[in-house]
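S.K.: Numbering (our numbering), first residue to last: 2 to 344.
(1) Are the CB atoms of residue 224 and residue 245 within a distance shorter than 9 Å?
(2) If contacts are defined as beta-carbon pairs under 8 Å, then residue 289 and residue 339 qualify, I think. What distance do you get, rounded to the angstrom?
(3) From the DSSP output, read off the bridge partner residues of residue 209.
(4) Based on the DSSP secondary-structure assignment, which residues constitute the bridge partners of residue 297?
(5) Check the C-beta distance from residue 216 over to residue 156 and give it rounded, since I have them as a contact under 8 Å.
(6) So, for residue 115: in the same chain, excluding its five sequence neighbours on each side, which residues have a beta-carbon less than 6 Å away from its beta-carbon?
(7) So residue 204 packs on residue 181, CB below 8 Å; how close in whole Å?
(8) For residue 246, report the span of its beta strand (DSSP E) as first-last.
(9) Helix, strand or coil: how does DSSP classify residue 232 here?
(10) For the beta strand (DSSP E) that contains residue 97, what are its first and last residues?
(11) Report the option in 158, 140, 279, 129 whose CA atom is closest to the CA atom of residue 207.
(12) Provide the residue span of the beta strand (DSSP E) that contains residue 142, from first to last.
(13) Taking the alpha-carbon of residue 393 as reference, which of 121, 316, 281 has the nearest alpha-carbon?
(14) Could you tell me which of 113, 133, 45 sits nearest to residue 75, measuring between CA atoms?
(15) Evaluate contact between the stretch 176-194 and the stretch 136-145, counting only Cβ atoms and requiring at least three cross-stretch pairs below 8 Å.
(16) Among residues of its own chain, excluding the 5 on either side of residue 166, which ones have a beta-carbon nearer than 7 Å to its beta-carbon?
(17) Kindly indicate the opening and closing residues of the beta strand (DSSP E) around residue 70.
(18) Could you tell me the distance, in whole angstroms, from the CA atom of residue 120 to the CA atom of residue 33?
(19) Would the stretch 291-305 count as touching the stretch 74-90 if we require 3 or more Cβ pairs under 8 Å?
(20) Which of the three DSSP states is assigned to residue 92 in this structure?
(21) Please classify residue 299: is it buried, with 16 or more other beta-carbons within 10 angstroms of its beta-carbon, or exposed?
(22) Using a Cβ-Cβ cut-off of 7 Å (strictly less than) and excluding sequence neighbours within five positions of residue 113, which residues of its own chain qualify?
(23) Figure out for me which residue from 177, 80, 218 has the closest Cα to the Cα of residue 125.
(24) From residue 239 to residue 67, what distance separates their C-alpha atoms?
(25) Tell me the DSSP secondary structure of residue 226 in three-state form.
Encoded structure:
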């Protein structure tokens, strides 16, 4: 459903190299008086992007004087485009922003699309002998090759009472297919897409929530920008996020209608309409809104907890690729100042 690899030290260093010498221009004014804003996607259109397409279909970007240009996902990650000032905004995730920002890249999270961590540890439903992550010791994990996967799983397994010893293989198929084919014992799929896909395929999964075993909550899907863009275009940024927020709030309150709008604009990609509608319903029920009903907002506590985990795991490096000697101040990695409710 979206990229599952974390920016490596090499990627982060390369990102800084791309950024060097780049100068961001203020948002381009179109002939009709609107302001062009670019938004880079992190994958092909899916339900993580619903609010964007809802707002576009409803004309809310246009009403705000914004000509939204959606940049399809390609070979260059949104984090790289944002930090190099080649895209005004982009879809990202907490691991990506944390790694890039720690390395000195100009990227800042401005909107949390999902409040609940959208990844779980999963095994085949009914799998005998696995009642808790502690039972994963000695088993085989099918992953995506991201550096954070092993330390994350070790921490969860250890918190559950295990040792954190397991084997790893890299996925070349879907998580549920690998589990049912006997190629691995556990994986980390997204319940709002792969989990539902597995269920619809007759291969249901049993999930263990990371937070149930003391792992910090993760902002799995974010909208990010650069400090340079935000400082040069504060009014446009606020108008953009106001329209975006309106789109995600509509999706949270009207998942069926929102799914229809998403599908209508991406018919060639979203051919499994049942999966899209079930995904949208689940996101609306459990993921868009926080415990207190908040949408879009982020907290310094959550950012710092995850950043501290990455630092302790040795995953954060500077622009030269050297491991950091202290955990960064994660309050600099995000801002809520451009949200509609911000004063």
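Glycine residues also receive a C-beta, built at the ideal position from the N, C-alpha and C atoms.
M.R.: Judging by the given coordinates:
(1) yes
(2) The Cβ separation is near 19 Å, so there is no contact.
(3) 122
(4) 113
(5) 6 Å
(6) 221, 222, 288
(7) 5 Å
(8) Looking at the DSSP string, residue 246 is not in any beta strand (DSSP E); the run it does join, the alpha helix (DSSP H), is 235-254.
(9) helix
(10) Element bounds for residue 97: not the beta strand (DSSP E) but the alpha helix (DSSP H), 95-103.
(11) 129
(12) 141-144
(13) Here the chain covers residues 2 to 344 and nothing more, so residue 393 does not appear.
(14) 45
(15) yes
(16) 138, 139
(17) 67-72
(18) 43 Å
(19) no
(20) strand
(21) buried
(22) 220, 223, 297, 298, 299
(23) 177
(24) 11 Å
(25) strand
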